[in-house]
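In full-length UniProt numbering, the protein residues as written are 1 to 666. The structure under discussion appears below in the form of structure tokens.
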Amino acid sequence: MPSRQQLANAIRALSMDAVQQANSGHPGAPMGMADIAEVLWNDFLQHNPANPQWANRDRFIMSNGHGSMLVYSLLHLSGYELPIEELKNFRQLHSKTPGHPEYGYAPGVETTTGPLGQGISNAVGMAIAEKTLAAQFNQDTFNIVDHFTYCFLGDGCLMEGISHEASSLAGTLGLGKLVAFWDDNGISIDGHVEGWFTDNTPARFEAYGWHVIAGVDGHDPQAIKEAVAAAKANTKQPTLICCKTVIGFGSPNKSGSHDSHGSPLGADEITATREFLKWPHGPFEIPADIYAGWDAKSSGAELEETWNAQFSAYANAHPELAAELTRRLNGDLPADFAEKAQAFVEQSQEKAENVASRKASQNSIEAFAAIMPEILGGSADLAGSNLTLWSNAKGISADDANGNYLYYGVREFGMSGIMNGIGLHGGFRPFGATFLMFMEYARNAVRMASLMGIPNIFVYTHDSIGQGEDGPTHQPIEQVANLRLTPNLTTWRPCDGAETAVAWKSALERKDGPSALVFSRQGLPAQARNAEQLANVAKGGYILKECDGVPQVILIGTGSEVGVAMDAAEQLSAKGVAVRVVSMPSTSVFDQQDAAYREAVLPRAVKARVAVEAAHVDYWSKYVGLDGAVVGMSTFGESAPGGVLLKHFGITADAVAQKAHGLLNC
1 MPSRQQLANA
11 IRALSMDAVQ
21 QANSGHPGAP
31 MGMADIAEVL
41 WNDFLQHNPA
51 NPQWANRDRF
61 IMSNGHGSML
71 VYSLLHLSGY
81 ELPIEELKNF
91 RQLHSKTPGH
101 PEYGYAPGVE
111 TTTGPLGQGI
121 SNAVGMAIAE
131 KTLAAQFNQD
141 TFNIVDHFTY
151 CFLGDGCLME
161 GISHEASSLA
171 GTLGLGKLVA
181 FWDDNGISID
191 GHVEGWFTDN
201 TPARFEAYGW
211 HVIAGVDGHD
221 PQAIKEAVAA
231 AKANTKQPTL
241 ICCKTVIGFG
251 SPNKSGSHDS
261 HGSPLGADEI
271 TATREFLKWP
281 HGPFEIPADI
291 YAGWDAKSSG
301 AELEETWNAQ
311 FSAYANAHPE
321 LAAELTRRLN
331 GDLPADFAEK
341 AQAFVEQSQE
351 KAENVASRKA
361 SQNSIEAFAA
371 IMPEILGGSA
381 DLAGSNLTLW
391 SNAKGISADD
401 ANGNYLYYGV
411 REFGMSGIMN
421 GIGLHGGFRP
431 FGATFLMFME
441 YARNAVRMAS
451 LMGIPNIFVY
461 THDSIGQGED
471 GPTHQPIEQV
481 ANLRLTPNLT
491 TWRPCDGAET
501 AVAWKSALER
511 KDGPSALVFS
521 RQGLPAQARN
531 AEQLANVAKG
541 GYILKECDGV
551 PQVILIGTGS
561 EVGVAMDAAE
571 QLSAKGVAVR
581 VVSMPSTSVF
591 DQQDAAYREA
601 VLPRAVKARV
611 AVEAAHVDYW
621 SKYVGLDGAV
631 VGMSTFGESA
641 PGGVLLKHFG
651 ITADAVAQKA
661 HGLLNC
């Protein structure tokens with residue numbers, strides 16, 4: 001049987017070989033953390049390489065994702081379907097081994113990491129999901145949901161603000177099955193970190209309420225093993241294991257230096273490293289006994305088989321719970337969702353309330369949470385403003401995780417990263433809310449959700465200068481365009497209760513990516529629709545008001561400005577202008593419709609078009625064309641009541657009508 005040192009050296013060899021062949025990458029972290037990874041994966045991690053999606057597997061996250069070759073080496077060596085050819089193609093086009101771990105590429109990669117700090121926030125989300133799902137479904141002796149989340153993180157992750165947000169909440173919630181390993185090597189890209197990172201990290205995490213195991217030699221397998229065992233024994237607190245390591249361990253001339261952080265070691269140094277590690281094998285050459293020492297297929301199959309037997313007994317004792325858990329883990333909608341959701345949409349149209357769309361959103365949450373118990377809501381300390389609480393909302397706490405709502409505190413970025421972890425774990429449909437302006441704090445986590453195709457729901461209220469007196473710091477201008485331009489993110493900005501119900505229904509039905517739901521603070525008029533118009537809301541854009549014959553001008557509105565467009569249409573119609581009003585609650589969904597439908601709504605022959613939105617004007621040029629006009633914003637707002645501001649900046653029916661007249665008189 002190979003020694004632990006030899007098993008760890010296989011990681012080091014594969015990592016330095018792959019980086020060298022790609023002529024780019026980060027060998028330092030994989031080489032420095034190889035001993036920690038070897039102990040964790042061979043002595044503790046419960047997983048099955050033959051079934052990377054086994055529900056009760058432990059989750060492994062590498063937050064310092066630049067060290068991706070550590071992950072790929074572990075997956076390859078332990079028996080996942082990641083052949084050596086993929087490691088040889090590290091960082092190459094269409095390989096399963098991109099430069100940073102990408103969810104959906106290689107089996108066993110639990111999340112996309114790379115932007116530092118987000119991996120730990122994902123890990124916190126996964127641990128929350130495990131704890132909450134266990135509280136909801138475990139019964140008597142049936143601990144059917146029972147697994148750990150392990151996260152590697154480096155100095156850079158700890159410097160990023162999101163690590164503070166997520167780790168603070170993790171301590172508050174008592175996430176005892178979360179274990180993080182700090183790779184304390186004292187090196188970042190610019191060199192030794194003493195000049196810019198002198199935090200007392202153990203004290204910081206103790207202050208968060210974590211169990212801290214300090215001073216662990218990251219190259220001593222026995223010390224690592226004892227630390228992990230102690231971490232697992234404490235089920236009341238998350239644990240930080242502080243591992244002192246040498247970056248690029250084994251490299252005679254570059255270890256302990258930033259020279260090994262983000263560049264290939266070079267052929268001569270790799271030769272010297274092989275000699276130092278007593279690794280006589282060629283590039284990408286792994287002896288059979290090393291593979292045998294790493295192989296987890298047999299043990300993994302046994303673990304899953306044991307769990308399957310337990311789940312079978314659980315299903316016999318609690319058939320309804322077992323069926324519900326299976327449905328939720330599979331991501332399936334309830335059997336009666338379509339019928340009940342459509343009934344609510346129709347009810348919302350019939351009710352025709354003049355309310356703020358944030359209130360219409362709360363009505364939707366109330367209705368859909370009754371249909372889908374997997375909804376897990378939350379707000380970044382703005383529940384009373386975002387209107388995200390519903391009658392059966394129950395907060396999750398350290399002592400009672402059997403809830404469905406997270407009070408995230410003022411942690412917009414942390415909330416969004418945690419939501420990504422919850423969504424990736426499975427069993428829940430998370431939504432989280434803040435003001436649209438503060439999407440900026442969370443922007444990269446929203447992008448990561450889109451990149452990974454996680455069907456999370458981001459709720460943003462107070463969506464324009466119409467939110468008023470808080471002033472330009474709180475008034476979004478360019479943010480809606482930002483969201484709309486994000487690939488694979490569906491953005492909705494509904495104008496009333498019916499469009500809001502459709503937006504929520506669409507977001508909950510979506511499985512391949514996130515949705516952003518953008519709502520107003522101010523009250524909005526309900527719009528009349530027939531059955532066809534109501535059905536067409538789901539197409540993202542539709543004719544809300546039609547004229548007789550061919551329209552002379554088309555007015556396009558979205559969200560709170562649909563009412564403005566309708567009022568402008570009344571002015572134009574009174575003067576004999578044939579005007580059509582198009583409501584565009586989701587440009588991304590409208591753009592996905594077939595050409596015939598898009599042409600029917602926005603015929604190319606009608607050149608006179610005016611779009612109106614209390615947001616940046618530049619976005620709308622693709623819909624109004626060179627011959628059209630946009631009523632909107634090109635500056636920041638001011639502090640005043642919302643109605644005053646809308647008049648001051650010309651977001652009015654009069655302004656829209658004047659623009660239309662100007663186009664017709666050209």
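Built from N, CA and C at the ideal position, the CB exists for glycine as well. On a predicted model such as this, the values are computed, not experimentally measured, just so you know.
Bridge partner(s) assigned by DSSP for residue i
i, result
"His211", "Thr239"
"Trp182", "Leu153, Cys242"
"Gly256", "Answer is none; Gly256 lacks a bridge partner."
"Tyr460", "Thr434, Val518"
"Val553", "Val579"
"Arg59", "Thr149"
"Ile187", "His192"
"Glu45", "According to the sequence as given, residue 45 is Leu; it is not Glu. In the DSSP output, where bridge partners are listed per residue, Leu45 has none listed."
"Ser379", "Tyr407, Ala433"
"Phe142", "Gln139"
"Gly395", "Tyr405"
"Gly523", "Ala356"
Cβ neighbour criterion (16 or more within 10 Å) applied to residue i
i, result
"Arg12", "buried"
"Met566", "buried"
"Met1", "exposed"
"Thr97", "buried"
"Ile189", "exposed"
"His211", "buried"
"Trp620", "buried"
"Asp463", "buried"
"Leu626", "exposed"
"Trp196", "exposed"
"Ser391", "exposed"
"Asp184", "buried"
Collapsed DSSP secondary structure at residue i in the structure displayed
i, result
"Gly466", "helix"
"Glu613", "strand"
"Met419", "helix"
"Met372", "coil"
"Arg12", "helix"
"Ala166", "helix"
"Ile543", "strand"
"Ala356", "strand"
"Val216", "strand"
"Thr473", "coil"
"Trp492", "strand"
"Gly414", "helix"
"Gly174", "coil"
"residue 691", "Lying outside 1 to 666, the shown extent of the chain, residue 691 is not represented and no answer is given."
"Ile454", "coil"
"Phe197", "coil"
"residue 718", "Examination of residue 718 is not possible in this model, given that the chain is present from 1 through 666 alone."
Euclidean distance between Cα positions of residue i and residue j
i, j, result
"Gly176", "Lys511", "30 Å"
"Ala570", "Lys545", "Reading the sequence as shown, one finds Glu at residue 570 and not Ala. So the alpha carbons of these two residues sit roughly 10 Å apart."
"Val124", "Asn64", "15 Å"
"Gly282", "Val480", "54 Å"
"Pro238", "Lys244", "19 Å"
"Ala611", "Asn404", "40 Å"
"Ala528", "Gln349", "8 Å"
"Glu324", "Thr306", "21 Å"
"Asn354", "Asn200", "54 Å"
"Ala660", "Leu555", "8 Å"
"Leu664", "Gln552", "8 Å"
"Thr486", "Ala449", "11 Å"
"Asn492", "Asn9", "For the record, residue 492 in the displayed sequence is Trp; it is not Asn. Cα-Cα distance, rounded: 51 Å."
"His616", "Gly559", "14 Å"
"Ala29", "Thr198", "20 Å"
"Phe413", "Val577", "48 Å"
Open item on the list: Report the start-end ranges of each alpha helix (DSSP H) in the region 241-322 that is 4 residues or longer and not cut off at the edges.
Closed with: Listed in chain order, the complete alpha helix (DSSP H) runs (minimum 4 residues) inside the region 241-322 are 267-277, 288-294, 297-317.
Task: Unbroken stretches of the beta strand (DSSP E), 3 residues or longer, contained in the region 566-627 - done: Look at the region 566-627 and you find these whole runs of beta strand (DSSP E), each 3 residues long or longer: 579-583, 609-616.
TODO: Go through the region 621-663 residue by residue and report every complete run of the beta strand (DSSP E) that reaches 3 residues or more, in order.
DONE: 629-633
- [ ] Jot down the residue ranges of each uninterrupted alpha helix (DSSP H) in the region 54-134, minimum 4 residues, whole runs only, in chain order.
- [x] You should have 68-78, 84-88.
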